[in-house]
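Chemist: I have a structure here, written as structure tokens, and I will follow up with some questions on it.
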Amino acid sequence: MQITFASYNIHKAVGLDRRRDPERILTVLKEIDADVVALQEVDRRYGRRMAVLPLEAIHAATDYVAVPMSMKPDSLGWHGNAILVRKGIDLVEAAPVPLPVLEPRGAVRADLMMEGRRLRVVGMHLDLSGIRRRHQVRSVLSHCAECAERVPTVMMGDLNEWAQRGGCLREFGAGWQVLAPGRSFPSRRPMALLDRIIVSTEWEVLGTRVHHSPLSAIGSDHLPVFASLALPKI
Numbered sequence: 000m001q002i003t004f005a006s007y008n009i010h011k012a013v014g015l016d017r018r019r020d021p022e023r024i025l026t027v028l029k030e031i032d033a034d035v036v037a038l039q040e041v042d043r044r045y046g047r048r049m050a051v052l053p054l055e056a057i058h059a060a061t062d063y064v065a066v067p068m069s070m071k072p073d074s075l076g077w078h079g080n081a082i083l084v085r086k087g088i089d090l091v092e093a094a095p096v097p098l099p100v101l102e103p104r105g106a107v108r109a110d111l112m113m114e115g116r117r118l119r120v121v122g123m124h125l126d127l128s129g130i131r132r133r134h135q136v137r138s139v140l141s142h143c144a145e146c147a148e149r150v151p152t153v154m155m156g157d158l159n160e161w162a163q164r165g166g167c168l169r170e171f172g173a174g175w176q177v178l179a180p181g182r183s184f185p186s187r188r189p190m191a192l193l194d195r196i197i198v199s200t201e202w203e204v205l206g207t208r209v210h211h212s213p214l215s216a217i218g219s220d221h222l223p224v225f226a227s228l229a230l231p232k233i
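Heads up, the final residue of the sequence shown is numbered 233 in numbering that gives the first Met the number 0, and it's a clean run with no missing numbers.
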């Protein structure tokens, strides 16, 4: 079973041209064409925290459905984090992942069912503080360890980690592989590998890449990253 996972910090749909353009983000998502997508900064930060990608627009323009996670009626995610899955992928359960925070950061988890296999996806947006990031990774790992069932897992998101191998990446032990699809920030001239995908040992990594197209280069301050993964037959 081959599955493509992607992570994209959409910067509240505000591009480098300073225009808020949800349709542009939806077009980039169609360009990526992943099976499962973790999004960051999908809600406005203040007030009612309204989603910048309305559900109706997602359903009309793409083949995705949003994992229900919002704790506010107008939001799409939890502290700006959302997970989209291609239609036909079944949702088993979903939950926000509590993180120790100073800033409005968060993580979300979804357990999915594909071709009779259960798998787990975590989307996250970590803190600017290095110490806080390490604590947040520990919280995510602890949350997954406390889940009733151990299943193949993919974690992804904007880790805000400038180190290529150190920092909060050290918190992932022998049971995890930290993938670096490439430089994704800032989108105009990418220098940093802030957007990462971390996979459990059950997965075979077929390939990773940064999605750099004319639209993605201006649609957000981050470029999307994705990984093509396979699960061997049981």
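Idealized CB from N, CA, C, for every residue including glycine. Fair warning: this is a prediction, and the values are worked out from it, not measured in the lab.
For P95, which of helix, strand or coil comes out of DSSP?
Modeler: Within the sequence shown, the letter at position 96 stands for residue 95. In the structure shown, P95 adopts extended strand secondary structure according to DSSP, grouped into three states.
Chemist: Could you tell me whether the Cβ atoms of L193 and S183 are closer together than 8 Å?
Modeler: The residue labelled residue 193 in the question sits at position 194 within the sequence shown. The residue labelled residue 183 in the question sits at position 184 within the sequence shown. It is a contact, given that the beta carbons lie within the stated cut-off.
Chemist: On a CA-only basis, which of H211, F4 and R18 is nearest R85? Give me that one, please.
Modeler: Your numbering for residue 85 matches position 86 in the sequence shown. Per the Cα distances, F4.
Chemist: Given a threshold of 16 other Cβ atoms within 10 Å of its Cβ, counted over all protein chains shown, does E148 qualify as buried or as exposed?
Modeler: One-based indexing of the sequence shown puts residue 148 at position 149. With fewer than 16 neighbouring CB atoms inside 10 Å of its own CB, E148 falls in the exposed class.
Chemist: Indicate the three-state DSSP secondary structure (helix, strand or coil) for L25 in the structure shown.
Modeler: Numbered from its first residue, the sequence shown carries residue 25 at position 26. Residue state, collapsed to three classes: helix.
Chemist: How is S186 classed by DSSP in three states: helix, strand or coil?
Modeler: By 1-based counting over the sequence shown, the position of residue 186 is 187. Residue state, collapsed to three classes: coil.
Chemist: Any idea what DSSP makes of Q163, helix, strand or coil?
Modeler: Within the sequence shown, numbered from 1, the residue matching residue 163 stands at position 164. DSSP places Q163 in coil when its eight states are reduced to three.
Chemist: Which whole-angstrom value is the C-beta distance of W161 and I197, which I expect to be below 8 Å?
Modeler: Working through the sequence shown from its first residue, we reach residue 161 at position 162. Working through the sequence shown from its first residue, we reach residue 197 at position 198. 17 Å between Cβ atoms; not a contact.
Chemist: By DSSP's criteria, W77 is part of a beta bridge. Which residues make up the other side?
Modeler: As a working mapping, residue 77 is identified with position 78 in the sequence shown. DSSP output for W77 lists N80 as bridge partner(s).
Chemist: Based on Cα-Cα distance, which residue from L111, A81, P99 and P180 lies nearest to I88?
Modeler: By 1-based counting over the sequence shown, the position of residue 88 is 89. Nearest C-alpha to I88: L111.
Chemist: Using DSSP bridges, identify the partner residues of A106.
Modeler: Residue 106 sits at position 107 when you count from the first residue of the sequence shown. Note: A106 sits in a beta bridge opposite V96 and M123.
Chemist: Comparing alpha-carbon positions, which option in D32, D42 and V107 lies nearest I9?
Modeler: Here residue 9 is taken as the residue at index 10 of the sequence shown, counted from 1. Comparing Cα-Cα distances from I9 to each of D32, D42 and V107, the minimum goes to D42.
Chemist: Suppose only complete runs of 3+ residues qualify. What are the beta strand (DSSP E) ranges in the stretch 199-232, listed by chain order?
Modeler: 203-209 and 224-229
Chemist: Under 8 Å, with one C-beta from each stretch per pair, do the stretch 94-109 and the stretch 122-140 reach the 3-pair mark?
Modeler: yes
Chemist: The alpha helix (DSSP H) spanning V64 covers which residue range?
Modeler: Residue numbering aside, residue 64 sits at position 65 when the sequence shown is read from its first letter. Unbroken run through V64 is the beta strand (DSSP E), Y63 to A65; no alpha helix (DSSP H).
Chemist: Quick one: is I233 buried, meaning 16 or more other Cβ sit within 10 Å of its Cβ, or exposed?
Modeler: Taking the sequence shown and counting its residues from 1, one reaches residue 233 at position 234. Exposed, by the Cβ-count rule.
Chemist: Would G166 and R116 qualify as a contact pair, given that the criterion is a beta-carbon distance under 8 Å?
Modeler: Taking the sequence shown and counting its residues from 1, one reaches residue 166 at position 167. Taking the sequence shown and counting its residues from 1, one reaches residue 116 at position 117. Cβ atoms of G166 and R116: not closer than 8 Å.
Chemist: According to DSSP, is A33 part of a helix, a strand, or is it coil?
Modeler: Within the sequence shown, residue 33 is the residue found at index 34, counting from 1. The answer is coil: DSSP assigns A33 none of H, G, I, E or B.
Chemist: Could you tell me which of P180, G181 and L158 sits nearest to E281, measuring between CA atoms?
Modeler: Only positions 0 to 233 of the chain appear in the structure, and residue 281 is not among them; the question remains open.
Chemist: Using beta-carbon positions only, say whether V224 and P180 come within less than 8 Å of one another.
Modeler: The residue given as residue 224 occupies position 225 in the sequence shown. The residue given as residue 180 occupies position 181 in the sequence shown. Going by beta carbons, V224 and P180 fall inside the 8 Å limit.
Chemist: Pick out whichever of I130, V153, R19 and L28 has its Cα sitting closest to the Cα of V107.
Modeler: By 1-based counting over the sequence shown, the position of residue 107 is 108. Between V107 and the set I130, V153, R19 and L28, the nearest pair of CA atoms involves V153.
Chemist: Rounded C-beta distance between P95 and W77? I'm assuming under 8 Å.
Modeler: Your numbering for residue 95 matches position 96 in the sequence shown. Your numbering for residue 77 matches position 78 in the sequence shown. Confirmed, Cβ separation roughly 4 Å.
Chemist: What first and last residue would you give for the alpha helix (DSSP H) that runs through V139?
Modeler: Against the sequence shown, residue 139 aligns to sequence position 140. Residues G129 to A144.
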